[in-house]
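**Student:** Pasting a structure below so you can have a look.
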Amino acid sequence: MEQKTFADLEYEHKKRKTRREKFLERMDALIPWKRLEKRIRRHYPKGGGKGRPPYSLSVMLRIHCVQLFYNLSDPAMEDMLYEIESVRRFVGLKLSRPIPDETTILHFRHLLEAHKLGQKLLSEINKHLDEQGLILKEGTIIDASIIAAPTSTKNKEGERDPEMHQTKKGNEWHFGMKMHIGVDAESGLVHSMSTTSANVHDITEADKLLHGDETECWGDAGYQGIGKREEHEDREIKWHVAMRPGKRKVLDPDGPAAIEEKAKASVRAKVEHPFRYVKRVFHYAKVRYRGLHKNTERIALLLGFTNLMIGDTYEVA
149 MEQKTFADLE
159 YEHKKRKTRR
169 EKFLERMDAL
179 IPWKRLEKRI
189 RRHYPKGGGK
199 GRPPYSLSVM
209 LRIHCVQLFY
219 NLSDPAMEDM
229 LYEIESVRRF
239 VGLKLSRPIP
249 DETTILHFRH
259 LLEAHKLGQK
269 LLSEINKHLD
279 EQGLILKEGT
289 IIDASIIAAP
299 TSTKNKEGER
309 DPEMHQTKKG
319 NEWHFGMKMH
329 IGVDAESGLV
339 HSMSTTSANV
349 HDITEADKLL
359 HGDETECWGD
369 AGYQGIGKRE
379 EHEDREIKWH
389 VAMRPGKRKV
399 LDPDGPAAIE
409 EKAKASVRAK
419 VEHPFRYVKR
429 VFHYAKVRYR
439 GLHKNTERIA
449 LLLGFTNLMI
459 GDTYEVA
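With my numbering, the residue at position 117 of the sequence shown is 265, and numbering never jumps.
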């Protein structure tokens with residue numbers, strides 16, 4: 149048994165838990181660690197060769213998750229491991245042992261990206277939630293949200309990210325990418341996702357957001373005409389698409405059409421919750437990397453965390 153340091157004893161006897169500690173305890177309980185590790189293990193180095201043996205998969209996965217929780221760079225994640233005891237306890241490290249440096253943290257992230265494991269881990273989390281009866285598959289809400297990207301050309305390439313583009317929303321121009329999601333209409337959990345540059349119309353990605361078992365689908369006015377598109381001809385779905393704002397304004401507020409629009413909006417409201425978690429709880433309102441692939445892998449796992457947190461508050465009937 150490893151002897152405790154004075155710092156360990158002081159930490160264990162402090163009188164108050166911080167918000168960070170409470171959050172990490174919650175995520176530790178919610179994330180199906182063994183399931184995720186199993187999905188990664190076949191790609192993870194086994195060791196046994198020359199050089200320093202790799203850190204355990206469990207430690208590196210937990211470090212990666214903390215990095216995503218707080219939207220940290222690789223150097224900032226290394227600093228956090230040295231500075232914050234609650235984070236070291238969450239990932240399973242002690243200062244008396246070697247701490248992974250920023251290069252090790254970078255290599256683990258690159259491993260996940262190379263094998264597209266972010267999206268596969270989202271799938272594993274959804275299977276975990278499905279087994280608990282939280283994803284019901286009867287109705288889907290579809291929507292998209294813009295993730296901003298830097299517009300500066302003051303970089304090594306001397307140009308904006310070629311995979312990011314600008315689009316006009318309302319009276320404002322936005323430069324970046326789009327996160328498209330399909331959400332279970334009952335639980336509010338994300339069951340499918342895709343990413344594009346910001347100038348791609350929402351309706352073109354809708355086919356990727358439907359799992360095929362829905363009988364109803366809700367969308368905002370940007371999805372007008374979706375039922376007439378070729379890719380949806382054989383779907384037996386009742387489409388609930390919002391009216392254009394101009395038409396909605398002239399409706400009798402007490403008439404049946406206005407009441408129906410309010411009913412559609414009350415269902416569609418659930419799709420905003422995952423966007424809020426990704427952008428506000430996990431601080432990912434602006435891309436961290438150039439290109440779609442790296443950001444897609446990161447967003448996929450953030451949506452997995454989002455599902456776990458939403459599922460934790462959802463009561464199965």
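The C-beta atom is built at its ideal place from N, Cα and C for all residues, glycine as well.
Would you mind stating whether Lys316 and Thr344 have Cβ atoms separated by less than 8 angstroms?
**Tutor:** Position 168 of the sequence shown, counting from 1, holds the residue named residue 316. Position 196 of the sequence shown, counting from 1, holds the residue named residue 344. No. Outside cutoff.
**Student:** Quick check: what's the CA-CA separation for His339 versus Asp176?
**Tutor:** Locating residue 339 in the sequence shown gives position 191, counting from the first residue. Locating residue 176 in the sequence shown gives position 28, counting from the first residue. Going from the Cα of His339 to the Cα of Asp176 covers about 22 angstroms.
**Student:** With Glu364 as the anchor, note down where its beta strand (DSSP E) starts and where it stops.
**Tutor:** For the purposes of this step, residue 364 is taken as residue 216 along the sequence shown, with counting starting at 1. Bounds of the beta strand (DSSP E) holding Glu364 are 364-367.
**Student:** Looking at the strands, I want to know which residues DSSP matches up with Val398.
**Tutor:** The residue you call residue 398 lines up with position 250 of the sequence shown. In DSSP, Val398 forms no bridge with anything.
**Student:** For His421, which residues from the same chain have a beta carbon less than 7 angstroms from its beta carbon, with the 5 sequence-adjacent residues on both sides left out?
**Tutor:** On the sequence shown, position 273 is the one that residue 421 refers to. Taken in chain order, the residues that qualify are Gly336, Ile458.
**Student:** Of the choices Asn274, Met341, Lys186, Phe171, whose alpha-carbon is the least far from that of Leu284?
**Tutor:** Indexing the sequence shown from 1 puts residue 284 at position 136. That would be Asn274, whose Cα lies nearest to the Cα of Leu284.
**Student:** Whole angstroms is fine: what's the gap from Lys418's alpha carbon to Gly367's?
**Tutor:** On the sequence shown, position 270 is the one that residue 418 refers to. On the sequence shown, position 219 is the one that residue 367 refers to. Rounded to whole angstroms, Lys418 to Gly367 spans 11 angstroms at the Cα level.
**Student:** Nearest CA to the CA of Pro223: which residue from Thr252, Leu243, Arg210?
**Tutor:** In the sequence shown, counting from the first residue as 1, residue 223 sits at position 75. Of the candidates Thr252, Leu243, Arg210, the one whose C-alpha sits nearest the C-alpha of Pro223 is Thr252.
**Student:** Taking Cβ positions, are Leu450 and Leu216 nearer each other than 8 angstroms?
**Tutor:** Start at 1 with the first residue of the sequence shown, and residue 450 comes out as number 302. Start at 1 with the first residue of the sequence shown, and residue 216 comes out as number 68. Cβ distance < 8 angstroms, so Leu450 and Leu216 count as in contact.
**Student:** Out of Asn303, Arg377, Gln267, which has the shortest C-alpha to C-alpha gap to Glu353?
**Tutor:** Along the sequence shown, read from residue 1 onward, the residue named residue 353 stands at position 205. Checking every option, the nearest Cα to that of Glu353 belongs to Arg377.
**Student:** Short of 7 angstroms in beta carbon distance, which residues of its chain neighbour Lys442, apart from the five on each side in sequence? Order them along the chain.
**Tutor:** For the purposes of this step, residue 442 is taken as residue 294 along the sequence shown, with counting starting at 1. Within the same chain, Lys442 has close Cβ partners Glu261.
**Student:** Leu172 and Ile188: beta carbons closer than 8 angstroms?
**Tutor:** As a position in the sequence shown, residue 172 is number 24, starting the count at 1. As a position in the sequence shown, residue 188 is number 40, starting the count at 1. Taking 8 angstroms as the Cβ cut-off, Leu172 and Ile188 do not qualify as a contacting pair.
**Student:** Could you tell me the alpha carbon to alpha carbon distance between Arg396 and His349, rounded to whole angstroms?
**Tutor:** As a position in the sequence shown, residue 396 is number 248, starting the count at 1. As a position in the sequence shown, residue 349 is number 201, starting the count at 1. Near 22 angstroms, if we compare the C-alpha coordinates of His349 and Arg396.
**Student:** To the nearest angstrom, report how far apart Thr363 and Asp249 are at their CA atoms.
**Tutor:** In the sequence shown, residue 363 corresponds to position 215, counting from 1. In the sequence shown, residue 249 corresponds to position 101, counting from 1. Answer to the nearest angstrom: the Cα atoms are 50 angstroms apart.
**Student:** Taking Glu226 and Leu209 to be in contact with their CB atoms under 8 angstroms, please state how far apart those CB atoms are, rounded to whole angstroms.
**Tutor:** Numbered from its first residue, the sequence shown carries residue 226 at position 78. Numbered from its first residue, the sequence shown carries residue 209 at position 61. Incorrect: roughly 16 angstroms between the Cβ atoms, too far for contact.
**Student:** Rounded to whole angstroms, how far is the Cβ of Val235 from the Cβ of Gly324, which I believe are closer than 8 angstroms?
**Tutor:** Position 87 of the sequence shown, counting from 1, holds the residue named residue 235. Position 176 of the sequence shown, counting from 1, holds the residue named residue 324. Actually they do not touch by this definition, with Cβ atoms about 30 angstroms apart.
**Student:** Which ranges would you report for the alpha helix (DSSP H) in the segment 322-388 if only whole runs of at least 4 residues count?
**Tutor:** none
**Student:** Take Phe238 and list the residues in its own chain whose beta-carbon comes closer than 7 angstroms to its own, dropping the five residues that flank it on each side.
**Tutor:** Start at 1 with the first residue of the sequence shown, and residue 238 comes out as number 90. Only Leu172, Asp176, Arg210, Val214 meet the Cβ criterion.
**Student:** Could you say which of Met312, Leu259, Thr288, Gly306 lies nearest to Ala297 if we only look at CA atoms?
**Tutor:** As a first step, residue 297 must be located in the sequence shown, where it is residue number 149. Among Met312, Leu259, Thr288, Gly306, the Cα nearest to that of Ala297 is on Met312.
**Student:** List the endpoints of the continuous alpha helix (DSSP H) containing Asp176.
**Tutor:** For the purposes of this step, residue 176 is identified with residue 28 of the sequence shown, where counting begins at 1. Asp176 -> alpha helix (DSSP H) spans 167-178.
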